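**Q**
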């Protein structure tokens with residue numbers, strides 16, 4: 022059973038997330054003090070809705086990054102999902118199709134990386150192109166009709182709890198359960214920490230890597246469904262930025278891109294920082310263009326603060 | 016009776032044959048892709064086999080070609096540079112916005128190279144000495160550069176690029192554009208440096224095994240720093256050539272620039288620590304890429320089809336090459 026304490030635990034292998042938590046707290050306190058509208062219900066609801074797609078996709082990305090890989094095809098899978106969800110067919114067929122496509126992309130990525138020795142960036146870059154092309158073929162321009170239940174599942178609420186928060190909590194708990202309560206989670210840390218040692222200790226490294234990519238794709242699929250519900254329409258390029266942003270969120274949360282170190286909590290914190298930057302700067306009427314500069318600068322400061330042992334990716 | 020050829024160790028015809036087959040099978044995927052495209056080109060369109068058309072393709076490929084050369088340098092030492100789009104955007108805006116009009120023309124020529132060099136130094140310090148993630152830090156630098164020029168331009172397209180600078184692309188020697196000559200010259204210089212200078216050996220050693228290289232006394236951080244600085248310098252030259260190819264400036268030089276540069280570098284046989292294509296591999300890859308897109312255009316294939324074709328080619332090439340040559 023997952024307890025709150027186990028969800029929040031910060032062991033060494035969780036990464037240097039104290040800095041991320043500190044940054045997040047500092048931003049929240051500063052926003053409350055200097056931005057009067059920050060705590061307004063509507064703003065918090067917007068903040069939650071804007072951040073959830075990123076959180077869900079970043080949670081999937083975490084599995085891959087823990088193995089020392091990288092999945093830039095996440096954005097394409099989100100775009101494909103939003104396109105498929107507007108197809109003219111029964112709702113359950115659309116969902117099945119989304120899951121099947123995501124699983125297929127995850128399997129191709131994982132098999133390419135684990136069995137065929139292709140570098141993760143290259144493999145997922147290739148499938149990113151294919152996925153983006155397919156999304157544009159399915160839905161050439163933004164629009165289309167989305168099932169009402171999907172929009173309601175995002176926009177509505179269960180009592181005082183907004184559905185957006187339910188999406189976020191469920192995704193986080195599923196990720197935490199996989200990572201901390203399943204042998205697979207341990208395998209991920211082992212394979213990412215030292216592949217040779219893991220192999221020598223009987224960890225099925227290849228299968229673990231393949232499953233990590235499949236999970237990443239399935240989380241991206243869930244993020245795509247959430248985005249479709251939020252926008253109440255399809256957008257064949259709607260996921261374009263999430264490939265890089267999910268990696269950024271994961272890195273901000275202290276997950277080492279070299280693998281073996283990271284946590285679900287860290288990823289959520291990292292994604293929250295990114296979401297908060299956008300929200301705060303919108304509230305402060307900062308030019309959209311300067312937001313890019315500020316985001317890049319903050320990211321640089323945080324990444325620079327997390328000095329790594331190895332030089333490289 | 017013993018013949019000369021039957022002496023132990025003497026090269027036989029079959030042995031040479033095996034070597035040739037081994038050499039051909041060890042070529043980077045770009046060579047196969049280009050060979051197949053050239054083979055099918057006559058059946059697609061007569062224009063595609065016209066020498067003048069090839070000069071045009073080379074001219075259009077020059078900026079990407081130099082950017083790929085830059086990318087291949089950092090990928091050889093297991094790093095990456097995703098700031099190409101930022102350097103291009105920044106340099107193109109400064110050259111076309113009129114901000115440099117009151118200064119000597121030399122500054123307009125030097126500006127993209129200075130911008131590239133500065134970005135290369137920043138990337139080098141962050142990646143090699145601060146040990147920040149190359150993906151995140153170079154991407155952040157790029158986002159900041161693009162944000163700055165979008166703020167300066169308020170999202171509007173800037174003016175025209177200097178007319179006199181267009182001579183770099185439009186001027187030619189026997190039909191070969193100056194920009195192509197610059198591309199070839201930089202490639203040759205890099206190839207010579209790799210062949211004859213100690214830094215080339217350092218690059219290979221660091222790419223093969225960074226830890227072993229450091230243990231044997233090779234300055235790991237300095238080598239990676241030099242790779243980023245050189246890459247920044249070359250990206251600046253690529254930006255200069257790109258400016259000369261544009262009549263009107265833009266603040267959106269393309270998010271795809273670094274994706275195309277990555278893809279071409281990989282097709283050229285250079286990836287993280289793997290260097291099987293030398294300098295010629297990435298060169299051939301850029302030509303193959305441009306030729307492929309030209310052919311897809313002839314077929315009337317739109318953006319989605321081009322993206323799928325590009326993805327399939329990268330995937331197939333990487334899988335075939337990776338299965339044969341180890342991790343790529």
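Chains as they are written, first to last, in the numbering used here: chain A, 22 to 334; chain B, 16 to 343.
In this text, a Cβ means the ideal position worked out from N, Cα and C, and glycines have one as well.
The structure displayed is predicted, hence computed values, not measured ones.
#1: Looking at chain A, which residues of the segment 102-121 of chain B have a Cβ within less than 8 Å of any of its Cβ atoms?
#2: Who are the neighbours of residue 40/A on chain B, taking C-beta pairs under 7 Å?
#3: Would the beta-carbon of residue 88/B fall within 8 Å of that of residue 194/B?
#4: Specify whether the segment 112-131 of chain B and the segment 211-231 of chain B touch according to this definition: at least 3 beta carbon pairs, one from each stretch, less than 8 Å apart.
#5: Please specify which runs of the alpha helix (DSSP H), each continuous and at least 4 residues long, are wholly inside the segment 66-150 of chain A, giving them in chain order.
#6: Measuring straight from C-alpha to C-alpha, what distance separates residue 17/B and residue 41/B?
#7: Given residue 145/A, which residues of its chain have a CB within under 6 Å of its CB, disregarding the five upstream and five downstream residues?
#8: Considering only their Cβ atoms, is the gap separating residue 209/A from residue 88/A smaller than 8 Å?
#9: Quick one: measure Cβ to Cβ for residue 334/A and residue 278/A, integer angstroms, because I've assumed they're closer than 8 Å.
#10: Give the straight-line distance between the Cα atoms of residue 80/B and residue 200/B, rounded to the nearest whole angstrom.
#11: By DSSP, does residue 148/B sit in helix, in strand, or in coil?
#12: How about residue 251/A and residue 175/A: are their beta carbons less than 8 Å apart?
#13: Return the bridge partner residues of residue 272/B from the DSSP annotation.
#14: Please confirm whether residue 109/B and residue 310/B have their CB atoms less than 8 Å apart.
#15: Compare the beta carbon distance of residue 300/B and residue 277/B with 8 Å and say whether it is the shorter of the two.
#16: Any idea what DSSP makes of residue 223/B, helix, strand or coil?
#17: Going by other Cβ atoms of all chains shown within 10 Å of its Cβ, with 16 needed for buried, is residue 324/B buried or exposed?
#18: Can a CB atom of chain A be found closer than 8 Å to the CB of residue 319/B?
#19: Could you tell me whether the Cβ of residue 51/B comes closer than 8 Å to any Cβ of chain A?
#20: Using 8 Å as the threshold, is the segment 76-90 of chain A in touch with the segment 232-244 of chain A, meaning 3 or more CB pairs across them?
#21: Beta-carbon of residue 309/B versus every beta-carbon of chain A: anything under 8 Å?
#22: Going by other Cβ atoms of all chains shown within 10 Å of its Cβ, with 16 needed for buried, is residue 33/B buried or exposed?
#23: Could you check where the alpha helix (DSSP H) with residue 237/A kicks off and where it finishes?
#24: Within the 8 Å Cβ cut-off, does residue 42/B reach chain A?
#25: In this structure, does DSSP put residue 186/A in helix, strand or coil?
#26: Can you name the residues of chain B whose CB is closer than 8 Å to the CB of residue 263/A?
#27: Taking all protein chains shown into account, decide if residue 266/A is buried (16 or more other Cβ within 10 angstroms of its Cβ) or exposed.
#28: Can you find the residues in the same chain that come closer than 8 Å, C-beta to C-beta, to residue 331/A, ignoring five residues on each side of it along the sequence?
#29: Considering only the alpha carbon of each residue, which of 210/B, 163/B and 100/B lies closest to residue 247/B?
#30: Nearest-angstrom Cα distance between residue 335/B and residue 141/A?
#31: What residues in its chain sit with their C-beta under 7 Å from that of residue 42/A, if we drop five residues either side in the sequence?
#32: For a contact defined as C-beta to C-beta under 8 Å, what are the partners of residue 304/B on chain A?
#33: Work out the CA separation of residue 171/B and residue 119/B for me, nearest whole Å.
#34: Roughly how many angstroms lie between the CA atoms of residue 214/A and residue 149/A, to the nearest whole one?
#35: According to DSSP, simplified to helix, strand and coil, what is residue 187/B?
#36: Looking at C-alpha atoms only, which residue of 288/B, 289/B and 328/B is the closest neighbour of residue 304/B?
**A** In terms of the structure at hand:
#1: Here the close residues number zero.
#2: In chain order: nothing, as chain B lies at least about 13 Å away.
#3: No, Cβ-Cβ distance for residue 88/B and residue 194/B is not below 8 Å.
#4: In short, these stretches do not touch, since the Cβ pair count stays below three.
#5: Fully enclosed alpha helix (DSSP H) runs of 4 or longer: 95-105 and 112-135.
#6: No answer about residue 17/B holds up, because its pLDDT of 43 lies below 50 and its placement is not dependable.
#7: So the list reads 92, 93, 94 and 130, once near-sequence residues are dropped.
#8: It is a contact, given that the beta carbons lie within the stated cut-off.
#9: With a Cβ gap of about 6 Å, residue 334/A and residue 278/A count as contacting.
#10: The alpha-carbon atoms of residue 80/B and residue 200/B are separated by roughly 12 Å.
#11: Note: residue 148/B maps to coil in three-state DSSP.
#12: Using a Cβ distance threshold of 8 Å, residue 251/A and residue 175/A count as a contacting pair.
#13: Beta bridge pairing from DSSP links residue 272/B with no other residue.
#14: No, the Cβ-Cβ distance between residue 109/B and residue 310/B is not below 8 Å.
#15: Not a contact, by the Cβ cut-off of 8 Å.
#16: Here residue 223/B sits in helix by DSSP.
#17: By the beta-carbon neighbour count (other beta carbons within 10 angstroms, threshold 16), residue 324/B is buried.
#18: So yes, residue 319/B belongs to the interface.
#19: Interface flag for residue 51/B against chain A is unset, since no Cβ pair is found closer than 8 Å.
#20: Because the criterion of three Cβ pairs below 8 Å is met, the segment 76-90 of chain A and the segment 232-244 of chain A touch.
#21: Chain A, which has no Cβ nearer than 8 Å to the Cβ of residue 309/B, makes this no.
#22: Under this definition residue 33/B is an exposed residue.
#23: Residues 226-252.
#24: At a cut-off of 8 Å between C-beta atoms, residue 42/B does not count as an interface residue with respect to chain A.
#25: Helix.
#26: Within 8 Å Cβ-Cβ: nothing; residue 263/A doesn't reach chain B, min ~14 Å.
#27: Looking at its Cβ environment, which holds 16 or more other Cβ atoms inside 10 Å, residue 266/A is buried.
#28: Excluding sequence neighbours, residue 331/A sits near 279.
#29: Of 210/B, 163/B and 100/B, the residue nearest in Cα terms is 100/B.
#30: Rounded to whole angstroms, residue 335/B and residue 141/A show a C-alpha spacing of 15 Å.
#31: Within the same chain, 290 come within 7 Å of residue 42/A by CB-CB distance, once the 5 residues on both sides are set aside.
#32: Within chain A, no residue comes near residue 304/B; the closest Cβ sits about 12 Å away, beyond 8 Å.
#33: Straight-line measurement puts the Cα of residue 171/B at about 26 Å from the Cα of residue 119/B.
#34: If you take the alpha carbons of residue 214/A and residue 149/A, they lie about 27 Å apart.
#35: Residue state, collapsed to three classes: strand.
#36: For the options 288/B, 289/B and 328/B, the alpha carbon positioned closest to that of residue 304/B is the one of 328/B.
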